[in-house]
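In our numbering, the protein residues as written are 147 to 264.
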């Protein structure tokens with residue numbers, strides 16, 4: 147993997163709640179926007195913004211599984227500003243709403259389905 151893309155991926159993961167733009171990402175690695183987008187997609191198979199969205203949604207899952215924070219707190223923590231977009235994007239990726247995801251996860255825990263599965 148290109149070192150510049152590795153660097154951006156690390157920055158995105160470390161700063162999920164930052165309001166990232168393509169311009170800012172490209173600037174951090176000193177590339178033009180078109181070159182950055184092409185290089186990112188070549189190295190990751192997806193666009194920078196889709197990659198960021200997936201990072202955020204995966205982190206939301208971790209938060210739903212490991213805390214009882216309200217959805218708004220989780221949404222703000224991962225940098226998603228709009229509740230309806232968060233819920234829609236989450237459901238598109240995982241097939242359930244964040245609330246249902248948490249409920250199903252904790253039901254599995256209570257039923258012992260996840261004990262020893264790690």
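Note that beta-carbon positions come from the ideal geometry of N, C-alpha and C, so glycine has one too.
Asked                                                                                                                           : Found
What does the alpha-carbon distance come out to for the pair residue 264 and residue 165?                                       : In this prediction, residue 264 scores a pLDDT of 48, lower than 50, which makes its location untrustworthy; the coordinate-derived value is nonetheless stated afterwards. Answer to the nearest angstrom: the Cα atoms are 33 Å apart.
For residue 134, which of helix, strand or coil comes out of DSSP?                                                              : No answer is possible for residue 134: the residues shown for the chain start at 147 and end at 264.
Taking only heavy atoms of the ligand ATP into account, decide whether any of them is closer than 7 Å to the Cβ of residue 247. : With respect to the ligand ATP, the structure offers nothing, as it holds no ligand at all.
Nearest CA to the CA of residue 170: which residue from 220, 204, 194, 148?                                                     : 194
I'd like to check one pair, residue 202 with residue 162: are the Cβ atoms closer than 8 Å?                                     : yes
Determine the closest residue to residue 216 out of 248, 198, 190, with distance taken between C-alpha atoms.                   : 248
In terms of alpha-carbon separation, which member of 173, 252, 204 lies closest to residue 214?                                 : 252
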